[in-house]
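Right, one structure below, let's go through it.
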Amino acid sequence: MTPATPPPPGGIPGRDNEKDDAVKGRRVRRFVRDNGITLGFGFAFLLALAGQAIAGSAEFNNQLATDGLAQIGFLDYLTTSDFAVDVAENWQSEYLQFFLYIFATVWLLQRGSPESKEMHKAGPESDEDQRLGEHAGPDSPRWARAGGVRQAVFSRSLGLVMAALFLLSWLAQSIAGVAAYNEQQLRQLQAPIGWTQYIASADFWSRSLQNWQSELLAVASMAILSVYLRQRGSPESKPVGASHTSTGVEG
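Encoded structure:
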């Protein structure tokens with residue numbers, strides 16, 4: 002009787018491939034689950050940005066036709082200052098919203114809102130509450146265990162990054178905005194203006210403030226409505242049965 006041929010040292014190729022595919026599949030599913038919010042909203046952002054680009058291109062070409070000028074292609078539109086300023090003015094207002102909210106809620110409170118800390122916790126809180134320095138745990142970030150400048154910077158890193166993103170996108174809005182404004186000026190046979198003149202102009206501040214007011218209204222509305230309204234299962238809401246005066250409690 003001929004003895005059975007032993008499997009190759011690396012295992013059975015077909016089964017090994019199936020096992021590798023299963024492991025990769027689990028890793029992908031775990032990654033998607035662990036990053037669901039970021040991936041979900043990131044994908045929605047790309048869809049919205051694509052929709053804005055398509056609609057903006059059509060509107061831009063309609064305006065060119067009205068002015069008696071030649072229309073441009075979609076890819077050319079994506080490189081225009083009109084598209085850039087429309088995108089940047091929305092980005093800067095969103096980052097301003099989060100920057101102000103992150104820093105303001107260190108001190109400002111709202112009784113009954115899950116968006117607020119508890120009423121006795123106004124301020125930066127103690128090192129023990131924040132698990133800093135000697136109060137840090139074994140799984141705490143390294144800079145939380147460190148002292149001095151590193152700890153001070155890391156303690157404010159989220160707000161600082163949001164502030165930097167706001168300033169950068171606001172700067173981008175101003176640069177793209179003056180280019181778009183001057184293109185319109187030239188179409189109307191008027192003289193272009195400089196960047197410093199533009200940032201003092203009504204066009205620049207109208208673009209900025211119309212976005213700021215909507216963001217600030219949304220934050221204020223969320224803070225007060227979450228006192229009395231609920232969304233079952235959402236961390237942005239209190240538990241459905243929580244009292245209206247419960248503060249800093251998430252569902």
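Each residue of the sequence shown is one higher than the last, beginning at 2 in my numbering.
We treat Cβ as the ideally placed atom computed from N, Cα and C, and that holds for glycine.
Computed from a predicted model, the values in this text were never measured in an experiment.
Would you kindly check if the distance between the Cβ of residue j and the Cβ of residue i is under 9 Å?
i	j	result
Ala173	Ala51	no
Gly249	Pro115	yes
Ser158	Gln131	no
Phe84	Ala59	no
Ser117	Ala224	yes
Tyr78	Phe167	no
Gly43	Asp87	no
Val179	Trp196	yes
Arg231	Val241	yes
Leu40	Val29	no
Could you tell me which of the options sits nearest to residue i, measuring between CA atoms?
i	options	result
Leu133	Ala219, Leu65 and Gln152	Gln152
Glu251	Ile176, Gly113 and Val154	Gly113
Arg188	Gly26, Gly69 and Ala203	Gly69
Ile103	Leu217, Leu226, Val241 and Ala45	Leu217
Gln186	Leu161, Leu169, Asp204 and Ser170	Asp204
Ala165	Ser227, Gln191, Phe99 and Arg208	Phe99
Thr246	Ala105, Arg34, Asp21 and Glu119	Glu119
Gln214	Val29, Leu101 and Arg31	Leu101
Gly149	Thr80, Asp128, Leu161 and Gly160	Asp128
Compute the beta-carbon to beta-carbon distance between residue i and residue j, rounded to the nearest angstrom, for a pair I have assumed lies under 8 Å.
i	j	result
Ser238	Ala177	The pair is not a contact, with the Cβ atoms about 38 Å apart (cut-off 8 Å).
Ile200	Ser175	5 Å
Applying the 10 Å Cβ sphere with the 16-neighbour rule, what's the burial state of residue i?
i	result
Tyr229	exposed
Ser170	buried
Ala23	exposed
Glu222	Here residue 222 turns out to be Ser, not Glu, going by the sequence shown. Flag for Ser222 reads exposed.
Ser244	exposed
Ala181	buried
Return the chain-ordered list of same chain residues with a C-beta closer than 7 Å to the C-beta of residue i, the five sequence neighbours on each side being excluded.
i	result
Asn91	Asn212
Gly138	Arg132
Leu110	Ser117, Lys118, Met120 and Ala123
Gly26	none
Whose C-beta lies closer than 8 Å to the C-beta of residue i among residues of the same chain, with five residues either side of it excluded?
i	result
Pro142	Phe155
Phe46	none
Given residue i, which residues of its chain have a CB within under 6 Å of its CB, disregarding the five upstream and five downstream residues?
i	result
Asn183	Pro193
Asn62	Gln72
Arg146	Ala137
Arg301	Here the chain comprises residues numbered 2 to 252, so residue 301 is not present and cannot be evaluated.
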